[in-house]
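Have a look at the structure below before the remarks.
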DNA sequence: TTTGCTATTGCAAGTAGATTGCAGTAATTT
DNA sequence: AAATTACTGCAATCTACTTGCAATAGCAAA
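Residue numbers (our numbering), protein chains in the order written: chain A, 1 to 172; chain B, 1 to 172.
Dropping the structure here:
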């Protein structure tokens, strides 16, 4: 039984260039704006799912600082956080972006169909580690057959007692 | 492969009385208070995972109204919402209660080891339906072996396009 | 039963992620 | 180049949740 689940780990790697992604989004939305491109670029380059605030910081860091020579124009201002929220919401409705988990600092988003990892958090000490690539593909397929939903995605996070904290538990 | 997942749906039913549950908690916590008993009783009687606010309302509804004959004593006052939050946090640390999903109105909690259902929400119209009992047991076992964690629980929620909304999607 | 210890409670104030209204801006079409 | 309107940024707001602290109430020992 476990061997089947392990097999599910070898997900196909997505080899879509950023340019191809932007072209795909351009066809799906009314206007491909600067803010939308910045959000997609941040998610494209991310190794882990990002919160809206992390996307904001990523964009802000990529912008050159203002000096007397380079005044504060529209070009070098960061994208407003509220714009990032609104773009994530729109891209999620179009199934181009998905919520992966609700972390302690808010929802984390990733590009759809990206192979991704999930994490497990110790409810006692707060330690958080990876559990490897996603194992949910079979469950999603089962749900699709049962409910008629398509474009199924999952929000998954695990909790438990890490090896160091196991003796404190009441359930053993 | 799917037949294995379907088999995982027949989880053992938990037949613990409320009294047995309270006794178990009494041994695990320093003081079994009125608030803690009320929270546990609400979760015990719940058919679905509850938010802190839903637990608050459930407790408040179960209390007799104040009249001139029955003045406002400590006995018929509801449990403060902050007390419910603190009890849920404590019970979660002891693995007696678990977060099931982060709904639009906040985290939903359930008693640990209760057979429970998960839901799928349409990202376009917001419709939410059940996907049947939980299929995560095998994945949790795999993670336990890989990470050394015990008392593993999961936070799971699904999203997708419901049959009525599927033509609007950009991903097809 | 009474007493003492301290975990727990309730109130109030605060934090932070996320949302909303609106006037101005900019991406696209013609 | 002009027109249309989707989108942006600012400010204000909402709400789930947390924290500080004095008062209260479980529980155990006397």
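Even glycine gets a Cβ: it sits at the ideal position worked out from N, Cα and C. Model, not experiment: these values are computed from the prediction.
*Whether residue 178 of chain A touches residue 123 of chain B by CB criterion (8 Å)*: Residue 178 of chain A lies beyond the stretch modelled for chain A, which goes from 1 to 172, so this question has no answer here.
*Could you name the residues of the same chain whose beta carbon sits closer than 8 Å to that of residue 119 of chain A, not counting the 5 residues immediately before and after it, in chain order?*
For the purposes of this step, residue 119 of chain A is identified with residue 119 of the first chain, where counting begins at 1. 101, 128, 129, 130, 131, 157 and 158, listed in sequence order.
*Examine the Cβ distances between the stretch 43–59 of chain A and the stretch 78–92 of chain A and report whether three or more of them are shorter than 8 Å.*
yes
*At a Cβ threshold of 8 Å, is residue 76 of chain B touching chain A?*
Position 76 of the second chain, counted from the first residue, corresponds to residue 76 of chain B. Not closer than 8 Å to any Cβ of chain A, the Cβ of residue 76 of chain B fails to qualify, so no.
*Among the residues of its own chain, which have a CB less than 8 Å from the CB of residue 43 of chain A, if the five just before and after it don't count?*
For the purposes of this step, residue 43 of chain A is taken as the residue at position 43 of the first chain. Around residue 43 of chain A: 50, 55, 97, 109, 110 and 111.
*asked:* Let's see if you can read the secondary structure: which residues bound the alpha helix (DSSP H) around residue 175 of chain B?
replied: Residue 175 of chain B lies beyond the stretch modelled for chain B, which goes from 1 to 172, so this question has no answer here.
*DSSP bridge partner residues for residue 108 of chain A (one or two, in chain order)*: On the first chain, position 108 is the one that residue 108 of chain A refers to. Looking at the DSSP assignment, residue 108 of chain A forms a beta bridge with A/51 and A/101.
*Can you give the beta carbon distance from residue 39 of chain A to residue 88 of chain A, rounded, assuming they're within the 8 Å contact cut?*
Within the first chain, numbered from 1, the residue matching residue 39 of chain A stands at position 39. Within the first chain, numbered from 1, the residue matching residue 88 of chain A stands at position 88. So it is a contact: roughly 7 Å between Cβ atoms.
*residue 37 of chain A and residue 16 of chain A look like a contact to me (Cβ under 8 Å); what is the Cβ gap, rounded to whole Å?*
Reading the first chain from its first residue, position 37 is the one you call residue 37 of chain A. Reading the first chain from its first residue, position 16 is the one you call residue 16 of chain A. Not confirmed; about 15 Å, so no contact.
*Within 10 angstroms of the Cβ of residue 63 of chain A, are there 16 or more other Cβ atoms? Answer buried if so, exposed if not.*
The residue you call residue 63 of chain A lines up with position 63 of the first chain. By the neighbour-count rule (16 or more Cβ atoms within 10 Å), residue 63 of chain A is not buried but exposed.
*Can you name the start and end residues of the beta strand (DSSP E) that residue 23 of chain A belongs to?*
The count along the first chain starts at 1 and reaches residue 23 of chain A at position 23. Premise fails: residue 23 of chain A lies in the alpha helix (DSSP H), 18–28, not in any beta strand (DSSP E).
*Inspect the beta-carbon positions of residue 116 of chain B and residue 134 of chain B and report whether they are closer than 8 Å.*
As a first step, residue 116 of chain B is located in the second chain; it is residue number 116 there, counting from the start. As a first step, residue 134 of chain B is located in the second chain; it is residue number 134 there, counting from the start. Yes, they are a contact pair.
*In chain order, what residues of the same chain have a beta carbon less than 6 Å from the beta carbon of residue 136 of chain A, not counting five sequence neighbours either side?*
Locating residue 136 of chain A in the first chain gives position 136, where the first residue counts as 1. Taken in chain order, the residues that qualify are 154.
_Measuring alpha carbon to alpha carbon, tell me which residue in B/166, B/165 and B/144 is nearest residue 160 of chain A._
The residue labelled residue 160 of chain A in the question sits at position 160 within the first chain. It is B/144 whose Cα lies nearest to the Cα of residue 160 of chain A.
*Please state whether DSSP places residue 68 of chain B in a helix, a strand or coil.*
Your numbering for residue 68 of chain B matches position 68 in the second chain. Legend: pLDDT at residue 68 of chain B = 49, less than 50; position of this residue unreliable, value from coordinates given subsequently. Of the three classes helix, strand and coil, the one that applies to residue 68 of chain B here is coil, per DSSP.
*Check the DSSP bridge columns for residue 130 of chain B and list the partner residues they point to.*
The residue you call residue 130 of chain B lines up with position 130 of the second chain. Answer is B/119.
*C-beta neighbour in chain A for residue 102 of chain B, strict 8 Å*: Start at 1 with the first residue of the second chain, and residue 102 of chain B comes out as number 102. So yes, residue 102 of chain B belongs to the interface.
_When you compare the CB of residue 125 of chain A with every CB in chain B, is at least one pair closer than 8 Å?_
Here residue 125 of chain A refers to the residue found at position 125 when the first chain is read from its first residue. No, residue 125 of chain A lies away from the interface with chain B (no Cβ there is under 8 Å from its Cβ).
*asked:* Are the CB atoms of residue 162 of chain A and residue 149 of chain B within a distance shorter than 8 Å?
replied: Residue 149 of chain B sits at position 149 when you count from the first residue of the second chain. Residue 162 of chain A sits at position 162 when you count from the first residue of the first chain. In this structure, residue 162 of chain A lies closer than 8 Å to residue 149 of chain B by Cβ.
*How about residue 37 of chain B: is its C-beta nearer than 8 Å to some C-beta of chain A?*
Position 37 of the second chain, counting from 1, holds the residue named residue 37 of chain B. It does not: the Cβ of residue 37 of chain B has no partner Cβ on chain A nearer than 8 Å.
*What's the C-alpha gap between residue 77 of chain A and residue 125 of chain B?*
Counting from 1 along the first chain, the entry for residue 77 of chain A is found at position 77. Counting from 1 along the second chain, the entry for residue 125 of chain B is found at position 125. The straight-line gap from Cα to Cα measures roughly 35 Å.
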